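Residues 23 to 214 in my numbering are what the sequence shown spells out, letter by letter.
Following: one structure in structure tokens, then a few remarks.
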Amino acid sequence: MKVLVVDNYDSFTYNIVDSLRTIGVDQFEVVLNDQIDWALVDDFHKILISPGPGTPDNAGSVLKLIQRYKQSKSILGVCLGHQAIAQVFGAQLVNISKPRHGQTVSIDLSADDPLFTGLPAKIKGGLYHSWTVERANLPQELQVTATSGHRIMALRHKVHDIAGVQFHPESFATPYGVDILRNWISLPAIQK
Numbered sequence: 023m024k025v026l027v028v029d030n031y032d033s034f035t036y037n038i039v040d041s042l043r044t045i046g047v048d049q050f051e052v053v054l055n056d057q058i059d060w061a062l063v064d065d066f067h068k069i070l071i072s073p074g075p076g077t078p079d080n081a082g083s084v085l086k087l088i089q090r091y092k093q094s095k096s097i098l099g100v101c102l103g104h105q106a107i108a109q110v111f112g113a114q115l116v117n118i119s120k121p122r123h124g125q126t127v128s129i130d131l132s133a134d135d136p137l138f139t140g141l142p143a144k145i146k147g148g149l150y151h152s153w154t155v156e157r158a159n160l161p162q163e164l165q166v167t168a169t170s171g172h173r174i175m176a177l178r179h180k181v182h183d184i185a186g187v188q189f190h191p192e193s194f195a196t197p198y199g200v201d202i203l204r205n206w207i208s209l210p211a212i213q214k
């Protein structure tokens with residue numbers, strides 16, 4: 023399984039890479055969000071879009087990448103990557119009044135989402151964000167798969183193999199994070 027990790031200029035990216043190594047992924051490449059070699063993207067089975075500062079509009083070619091490969095690649099977005107996925111499909115982002123940097127929250131998981139197979143219905147998750155996907159007027163094609171209170175913590179596209187998590191699976195504050203990444207890696211890659 024070859025994984026393309028898109029780095030949104032974030033220090034957490036290499037924690038994600040270490041988590042991928044932990045679960046046995048040895049074929050991956052890390053590329054900066056504004057240095058994507060489009061000719062090489064087809065060589066990868068899956069794309070993981072990292073956390074990062076700012077908003078998706080300032081994340082290099084990430085929005086274009088999701089739009090271009092939404093039908094042909096398995097995509098997982100983390101934090102900013104999650105927000106970018108939501109934005110591509112028409113969701114709105116809102117700047118939250120109290121940024122969630124280094125906070126641990128309780129997250130309710132959907133038993134139907136394959137990312138959460140084998141996990142308890144409620145887990146702890148580490149947050150590091152100041153923007154969130156607005157739940158009101160969420161596009162019909164996106165399904166909420168995890169929440170913390172009224173906030174969206176994960177979503178999945180109803181047709182394409184695309185999912186996002188607002189929390190950080192690579193963080194020590196998310197004890198089941200490696201399991202979530204393992205579940206994503208274990209899902210079959212799209213054959214197109």
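All C-beta atoms in this analysis are idealised placements derived from N, C-alpha and C, irrespective of residue type, glycine included.
Since the structure is predicted, the reported quantities are computational estimates derived from the model, not experimental observations.
Please determine if the region 48-61 and the region 176-192 are in contact, where contact requires at least 3 C-beta pairs separated by less than 8 Å. Touching, no, given that fewer than three Cβ pairs across the two stretches are closer than 8 Å.
Given 8 Å, three or more beta-carbon pairs between the region 131-140 and the region 204-213: With three or more CB-CB distances shorter than 8 Å, the region 131-140 counts as touching the region 204-213.
Three or more C-beta pairs under 8 Å: does that hold for the region 190-202 against the region 147-159? By the Cβ test, the region 190-202 is in contact with the region 147-159, since at least three Cβ pairs between them sit closer than 8 Å.
Which runs of the beta strand (DSSP E) spanning at least 3 residues fall entirely within the region 57-85, listed in chain order? Within the region 57-85, the complete beta strand (DSSP E) segments of 3 residues or longer fall at 68-71, listed in chain order.
Under 7 Å between the Cβ atoms of V27 and L70? In contact: V27 and L70 (Cβ atoms closer than 7 Å).
Along the chain, where does the beta strand (DSSP E) containing V47 start, and where does it finish? Per DSSP, V47 is not a residue of any beta strand (DSSP E), being assigned neither H nor E.
Would you kindly report the start and end of the unbroken beta strand (DSSP E) that includes V166? Following the DSSP letters along the chain, one finds V166 inside the beta strand (DSSP E) bounded by residues L164 to S170.
Report the option in P78, F66, A108 and L102 whose CA atom is closest to the CA atom of K95. Nearest of P78, F66, A108 and L102 to K95, Cα basis: F66.
Can you round the beta-carbon distance between R32 and S72 to whole angstroms, since I take them to be within the 8 Å contact cut? Just to set this straight, residue 32 is Asp in the shown sequence, not Arg. In this structure D32 is in contact with S72, their Cβ atoms being roughly 5 Å apart against a cut-off of 8 Å.
N- and C-terminal bounds of the beta strand (DSSP E) containing S96: Counted as a single uninterrupted DSSP element, the beta strand (DSSP E) harbouring S96 occupies residues S96 to V100.
If you count every other CB in all the chains shown that lies within 10 Å of the CB of Q105, and 16 or more means buried, which is it? With 16 or more Cβ atoms within 10 Å of its Cβ, Q105 is classed as buried.
Could you tell me the alpha carbon to alpha carbon distance between G82 and I88, rounded to whole angstroms? So the alpha carbons of these two residues sit roughly 12 Å apart.
At what residues does the beta strand (DSSP E) containing V25 begin and finish? Where V25 is concerned, the enclosing beta strand (DSSP E) stretches over K24 to D29.
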